[in-house]
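S.K.: Here the sequence shown stands for residues 342 to 480, numbered as in our numbering.
Backbone N, C-alpha and C fix where the C-beta goes; we use that ideal spot for every residue, glycine too.
Here the structure is a predicted model, which means the values were calculated and not measured.
Quick one: structure below, then a few questions.
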Amino acid sequence: MVKFRADHYLVAELEGVTDVTATANSVLGALKDMPELKDLAVVSRRMEGRQWSEILGRLIIPEGSRAFWGMVKREVTPREPYNLFIRIDVNAEAPTIEEARDKVKSWVEAQFVPRIKKDAAVKTIRVLQARDLYLPKLG
């Protein structure tokens, strides 16, 4: 089988995010029991009057992984219609890239989504590929 890079993004709109650090810690608690996630930590950030929390860690799977990174923010905007954004950089083995992407999407939906729904007040949650994210129009 061939190994493909099959990165995915989990985006969620959460109910009533007033304390981004507390919300990030709830998400962190939801994900800590996943054996594939290692060295998870929350780091608070602030710049130009905006505050957010990052969830950092490593993703260890047999096919290979590059990184795991998440962000919790207070605001939901038309450009960024979410409070929670998680980037999951993974490789997957399959006969075609589409099958590899489907395999990873199914895994994220089965492993991440129920845990987050259990520990955070989720309004909406979606698992996306890079082509599904917001892309600004250039020119």
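1) Pair every Cβ in the stretch 436–444 with every Cβ in the stretch 411–423, then say whether three or more of these pairs are closer than 8 Å.
2) For PHE453, collect the residues of the same chain with a Cβ closer than 6 Å to its Cβ; drop the 5 residues on either side in sequence, then sort them by chain order.
3) Assuming contact is defined by CB atoms lying nearer than 8 Å, are ASN366 and VAL343 in contact in what I supplied?
4) Give the C-beta separation of ILE401 and LYS379 to the nearest angstrom, bearing in mind that I take them to be a contact with Cβ-Cβ under 8 Å.
5) How many Å lie between THR359 and THR437 at the Cα?
6) On the three-state DSSP scale, how would you describe VAL358?
7) Go ahead and pull the three-state DSSP assignment for LEU397.
8) Flag this pair as yes or no: are the beta carbons of LEU425 and ALA471 separated by less than 8 Å?
9) Is it right to say ARG462 is buried, meaning 16 or more other beta carbons lie within 10 angstroms of its own, or is it exposed?
10) Using a 10 Å radius around the Cβ and a threshold of 16 neighbouring Cβ atoms, would you call ALA451 buried or exposed?
11) Helix, strand or coil for GLN452? Go by DSSP, reduced to three states.
M.R.: In terms of the structure at hand:
1) At 8 Å Cβ cutoff, the stretches do not touch.
2) In the sequence shown, counting from the first residue as 1, residue 453 sits at position 112. Excluding sequence neighbours, PHE453 sits near LEU351.
3) In the sequence shown, counting from the first residue as 1, residue 366 sits at position 25. In the sequence shown, counting from the first residue as 1, residue 343 sits at position 2. Contact flag unset, no.
4) The count along the sequence shown starts at 1 and reaches residue 401 at position 60. The count along the sequence shown starts at 1 and reaches residue 379 at position 38. Indeed, because the Cβ distance is near 6 Å, the residues count as touching under 8 Å.
5) As a first step, residue 359 is located in the sequence shown; it is residue number 18 there, counting from the start. As a first step, residue 437 is located in the sequence shown; it is residue number 96 there, counting from the start. Put simply, the backbone Cα of THR359 is about 43 Å away from that of THR437.
6) Looking up residue 358 in the sequence shown gives position 17. In the structure shown, VAL358 sits in coil (DSSP, three-state: anything other than H, G, I, E or B).
7) One-based indexing of the sequence shown puts residue 397 at position 56. When DSSP states are grouped into helix, strand and coil, LEU397 belongs to the strand group.
8) In the sequence shown, residue 425 corresponds to position 84, counting from 1. In the sequence shown, residue 471 corresponds to position 130, counting from 1. No, the pair does not count as a contact, with Cβ atoms beyond the cut-off.
9) The residue you call residue 462 lines up with position 121 of the sequence shown. Correcting the residue identity first, residue 462 is Ala in this sequence and not Arg. By the 16-neighbour rule on beta-carbons within 10 angstroms, ALA462 is exposed.
10) Stepping through the sequence shown from its first residue, residue 451 is reached at position 110. Around the beta-carbon of ALA451, fewer than 16 other beta-carbon atoms lie within 10 Å, marking it exposed.
11) Here residue 452 is taken as the residue at index 111 of the sequence shown, counted from 1. DSSP places GLN452 in helix when its eight states are reduced to three.
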